[in-house]
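Worksheet: one structure, shown below.
Residue numbers (the numbering used here): -16 to 65.
Listed below in structure tokens is the structure:
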């Protein structure tokens, strides 16, 4: 699957889970693919939000993508080494 299609799917699955007081944005830069796995950065639009505050949203989105699209993604607050 193409990178742009993967990113579009992630954005569409993340949309229903968006928090009320900030927005989670899918980074289109620094996407990594390792075999069948995609590693994608998701970050809030505010600096005062901790990754712990939205980790459950990322986990739920990952599960839905694997179940419904058979897409293996790991949504991260930042990529290791960045």
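For each residue, glycine too, the CB sits at the ideal point set by N, CA and C.
These figures come from a predicted structure and were not determined experimentally.
Near residue i, what residues of its chain come up, given a Cβ to Cβ distance below 6 Å and the 5 sequence neighbours on each side ignored?
i: residue 21; result: -11 and 56
i: residue -4; result: 44, 47 and 48
i: residue 54; result: 48
Could you tell me the distance, in whole angstroms, from the CA atom of residue i to the CA atom of residue j?
i: residue 39; j: residue 48; result: 14 Å
i: residue 19; j: residue -13; result: 15 Å
i: residue -6; j: residue 17; result: 20 Å
i: residue 32; j: residue 51; result: 29 Å
i: residue 34; j: residue -15; result: 27 Å
Excluding the 5 residues flanking residue i on each side, which residues of the same chain have their C-beta closer than 8 Å to its C-beta?
i: residue 8; result: 25, 26, 27 and 28
With DSSP run on the structure shown, which of helix, strand or coil describes residue i?
i: residue 36; result: helix
i: residue -10; result: helix
i: residue 57; result: strand
i: residue -15; result: coil
When you compare each of the options to residue i by their alpha carbons, which one comes out closest?
i: residue 6; options: 13, 37, 53 and 52; result: 37
i: residue 11; options: 32, -2 and -9; result: -9
i: residue 1; options: 42, 54, -16 and 13; result: 42
Every unbroken beta strand (DSSP E) inside the region -4 to 41 [3 residues or more]: The qualifying runs are 7 to 9, 15 to 17 and 20 to 27.
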